[in-house]
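All residue numbers for the sequence shown refer to this note's numbering, where the first residue is 209 and numbers rise by one.
Note that the Cβ used here is the ideal one computed from N, Cα and C, for glycine as well.
What you are looking at is a predicted structure, and each value in this text was computed from that prediction instead of being measured.
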Amino acid sequence: MTAPTTDVGTEAGTTVRSLETVELKKAYGGVKALDGASVTFQHGKVNALIGPNGSGKTTFFNCVTGMIKADSGSTTYRGKDITGHAPHRIARAGVGRSFQLCRIFPRLTVLENLLVAVRPGGLARMILPSRDATDIDRARGLLARVGIEHLEGTEARDLSYGQQKLLELAGVLMADPETIMLDEPAGGVNPALIDRIADLVRSLNAEGKTFIVVEHNMELVMSLSDHVVVFDRGRPICEGTPSVVQNDPRVLEAYLGI
Ligand SMILES: Nc1ncnc2c1ncn2[C@@H]1O[C@H](COP(=O)(O)OP(=O)(O)OP(=O)(O)O)[C@@H](O)[C@H]1O
Ligand SMILES: [Mg+2]
């Protein structure tokens, strides 16, 4: 069944809604990590979510992917309500994500990490890599795609941080998500691997994948993105094309804290 979609006019013409939130709120004690965040990301595009440290970007990712429960507000994905759904249901709906700090199994090999990624979540997962030949072929194909196929037998803890990020990206791709949410894919990664990650995002997007990328590397954000949303203090303060956002004084103010 095809999920209902809604057309929405933007400065770039008619686009289709992807992930959308309305008035999402999440507080930790007195800290309003999300303070009524209403955001619409665009299907088939590279969307970026930027903002100063502590502006709520990771909390936003966690709420919309079901890792933590928002206090209030709603989330839809391609027009279907996914508010409060468990992470595996949201993944099944087509949304995959990476983490700001890599989530890989350090003592499993690179290949095994992908074969674990494909197992169902929760207790059933048991860190037992799949032995299915199709899964193994797919995993090898993805390792080649991210450029670490020569490391398939290496324990993940022996990879460089950038290689671990590439492994995590391959893990996200194992489930063939329609929409990919990346939390700081270039953070702590050397420039050569940042270029590779950027090329991967571009080519996957050309194949139809939607991206929502949180990233502090502005050069990367501005060169990759079709649409940029800027957070400050738990809610969007500005959005638009990279050039629109770059020239908005509110963005500079948010980053400078004035
Ligand atoms: N588990 C938690 N317990 C208490 N406070 C939290 C928790 N998670 C986030 N916060 C607070 O919520 C606010 C938003 O944090 P969040 O990690 O979402 O920001 P961010 O935009 O991802 O920042 P960064 O760019 O540094 O990764 C911050 O003030 C943070 O300290
Ligand atoms: Mg964060």
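In chain order, what residues of the same chain lie with their CB nearer than 6 Å to the CB of threonine 248, ignoring the 5 residues before and after it?
Taken in chain order, the residues that qualify are Arg225, Glu228.
Report the start-end ranges of each beta strand (DSSP E) in the segment 217-253 that is 3 residues or longer and not cut off at the edges.
Whole beta strand (DSSP E) segments, 3+ residues: 221-236, 239-250.
Confirm the yes/no value for this check: CB of threonine 273, any heavy atom of ligand 2, distance under 8 Å.
Outside the cutoff, so no.
Report, in whole angstroms, the separation of the C-beta atoms of valine 303 and threonine 387, which I expect to be a contact under 8 Å.
Contact holds; Cβ gap of about 5 Å.
So, at 7 Å on beta carbons, what are the nonlocal neighbours of aspartate 440 in its own chain, with the 5 sequence-adjacent residues on each side left out?
Here the set comprises Gly259, Pro260, Ser263, Ala462.
In chain order, which continuous runs of the alpha helix (DSSP H) of length 4 or greater are located wholly inside the segment 300-331?
List check, alpha helix (DSSP H) in window: 318-325.
Give a yes or no on contact between the segment 350-369 and the segment 308-327, applying the rule of three or more CB pairs nearer than 8 Å.
The segment 350-369 vs the segment 308-327: in contact.
In its own chain, which residues sit with a C-beta less than 7 Å from the C-beta of asparagine 398, not counting the 5 before and 5 after it?
Here the set comprises Gly370.
Expressed to the nearest angstrom, what Euclidean distance is found between the alpha-carbon atoms of phenylalanine 307 and alanine 299?
Cα to Cα, phenylalanine 307 sits roughly 14 Å from alanine 299.
Looking only at its own chain, which residues have a Cβ that is under 7 Å from the Cβ of alanine 394, when we skip the five neighbours before and after it?
The answer, listed in chain order, is Ile402, Ile405, Glu423, Asn425, Leu428.
Would you mind giving the Cβ-Cβ distance between valine 453 and leucine 408, rounded to the nearest angstrom? I have them listed as a contact below 8 Å.
That belief does not hold up - the Cβ atoms of valine 453 and leucine 408 are roughly 23 Å apart, past 8 Å.
Go ahead and pull the three-state DSSP assignment for histidine 293.
If DSSP states are grouped into helix, strand and coil, histidine 293 belongs with coil.
Between which two residues does the beta strand (DSSP E) holding arginine 443 run?
From DSSP, the beta strand (DSSP E) with arginine 443 extends over 443-448.
Is the distance from the Cβ of aspartate 434 to the Cβ of arginine 305 below 9 Å?
Taking 9 Å as the Cβ cut-off, aspartate 434 and arginine 305 do not qualify as a contacting pair.
Taking C-beta to C-beta, are leucine 232 and glycine 281 nearer than 9 Å?
Yes, they are a contact pair.
Suppose the cutoff is 8 Å on Cβ atoms and the five residues either side in sequence are ignored; what does the same chain contact list for glycine 244 look like?
Only Glu231, Leu232, Lys233, Gly281, Gly442, Arg443 meet the Cβ criterion.
Grouping DSSP H, G and I as helix and E and B as strand, with all else coil, what is threonine 210?
Note that threonine 210 has pLDDT 41, beneath the 50 cutoff, so the model's placement of it is unreliable and the number below is only indicative. Threonine 210 falls in the coil class under three-state DSSP.
Is the beta carbon of alanine 186 less than 9 Å from the beta carbon of valine 239?
It is not possible to answer for residue 186, since the shown part of the chain is limited to 209 through 466.
Under three-state DSSP, which class holds asparagine 413?
It is helical.
Mind checking glutamate 415: buried by the 16 CB within 10 Å criterion, or exposed?
Its Cβ having fewer than 16 others within 10 Å, glutamate 415 is exposed.
I think threonine 418 touches lysine 253, with their Cβ atoms under 8 Å apart; what is that distance to the nearest whole Å?
The pair is a contact, with the Cβ atoms about 6 Å apart (cut-off 8 Å).
My output table needs one value for histidine 424: the three-state DSSP class, helix, strand or coil.
Note: histidine 424 maps to coil in three-state DSSP.
Does any heavy atom of ligand 1 sit closer than 8 Å to the C-beta of asparagine 261?
For ligand 1, at least one heavy atom lies less than 8 Å from the Cβ of asparagine 261.
Is aspartate 384 near ligand 2, going by C-beta to nearest heavy atom under 8 Å?
Answer for aspartate 384: no, Cβ out of range of ligand 2.
Sorted by chain position, which residues of the same chain lie with C-beta nearer than 6 Å to isoleucine 206's C-beta, five sequence neighbours on each side aside?
Beyond the ends of the chain as shown, which are 209 and 466, falls residue 206; an answer cannot be given.
Given a cut-off of 9 Å on the beta-carbon distance, is the pair isoleucine 344 and leucine 323 in contact?
In this structure, leucine 323 lies closer than 9 Å to isoleucine 344 by Cβ.
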